[in-house]
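Going by the numbering used here, the letters in the sequence shown line up with residues 349 to 561, in that order.
Note sheet for the following structure.
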Amino acid sequence: MQLERRFFPFEVRVSEGDAPKIEGTGVVYNQLSNVMYGMFREQIAPGAFSESIAKRDIRTLWNHNTDYPLGRTGNGTVRISEDEDGIHFSNDPPSTSWGSDAVQSIRRRDVSQMSFGFVTIEDSWSYGTDNQLIRTVTKGELWEMSPVTFPAYPQTDVAVRSLEARRGALAALIESNVILPDWVRAHLERGGSNGVAQVRWAQRNRNLALLEE
């Protein structure tokens, strides 16, 4: 079980009132990510986290740091709603130094984006209209949502870019039901730390060949 983190251009804001609230969208459905690991894009299917929302005690954290909790669904300081577009939240931040820092940073728009941490349970693979591989997370466990200063995609996150993570992604592609083109499968099965780069180079050459036809 590996915790994954994703960023999409969500907006987080402070709602003014008797007490400030941090509000925003934590997860957007059916929105494709940037290209990941140099070879596929990813999206979250509607309802992928519905079971998790009903059962888990989901946290909001400041910059994904477990030392700086902003709230949790278990004690009612975080309230989550889900619709066809995604997962939305309202958070009563704590009266702590980091809680005040979060409110002020979001209010000033120094921090204006969100990221979320989750574990994949089920996913599927397909091709987009541009012949780009697409991974769809169909079921997962949502662990936390975080207002973040510098949102990180997997290709810039050192922890997720580990060789083990990349091999796991490649293995998932090979073992999935999607029918991979021979040129993709050949490079994936070749393995090694250069597997991703080989696929990217092969895909580039293939796209150039298609343009010349």
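Beta carbons: idealized from backbone N, C-alpha and C, even for Gly.
Going by the CB atoms, is the gap between residue j and residue i shorter than 7 Å?
i	j	result
glycine 422	aspartate 405	yes
valine 467	leucine 351	yes
phenylalanine 355	proline 499	yes
threonine 408	methionine 493	yes
valine 485	isoleucine 392	yes
tryptophan 583	tryptophan 491	Any question about residue 583 goes unanswered here, given that the chain covers just 349 to 561.
arginine 457	aspartate 471	no
serine 463	arginine 353	yes
So the alpha helix (DSSP H) residue i belongs to, where does it begin and stop?
i	result
arginine 407	From DSSP, arginine 407 is part of no alpha helix (DSSP H) but of the beta strand (DSSP E) over 407-410.
glutamine 452	445-455
serine 381	That residue, serine 381, is in no alpha helix (DSSP H); it is neither H nor E in DSSP.
alanine 396	Counting along the chain, alanine 396 falls outside any alpha helix (DSSP H), and DSSP gives it neither H nor E.
Return the first residue and the last residue of the beta strand (DSSP E) that residue i is part of.
i	result
aspartate 415	413-420
glutamate 432	Run containing glutamate 432: none; DSSP gives neither H nor E here.
In terms of DSSP beta bridges, what is residue i paired with?
i	result
threonine 484	Gln391 and Ser472
lysine 369	Ser363
glutamine 461	Val496
glutamate 352	Phe466
glutamate 489	Val467
asparagine 439	Ile370 and Val426
Please check the pair residue i and residue j, which I expect to be a contact at CB under 8 Å, by giving their CB distance rounded to whole angstroms.
i	j	result
valine 362	proline 368	5 Å
glycine 434	valine 426	That belief does not hold up - the Cβ atoms of glycine 434 and valine 426 are roughly 16 Å apart, past 8 Å.
serine 400	glutamate 489	5 Å
proline 394	glutamate 364	Not really, about 31 Å apart at Cβ, beyond 8 Å.
glutamine 461	valine 383	Their Cβ separation, rounded to whole angstroms, is 19 Å, which puts glutamine 461 and valine 383 out of contact at 8 Å.
**Prompt:** Are the region 432-448 and the region 478-487 touching by the rule of at least three beta carbon pairs closer than 8 Å?
**Reply:** no
**Request:** Take every Cβ of the region 386-393, pair it with every Cβ of the region 409-418, and state whether three or more of those distances are shorter than 8 Å.
**Result:** no
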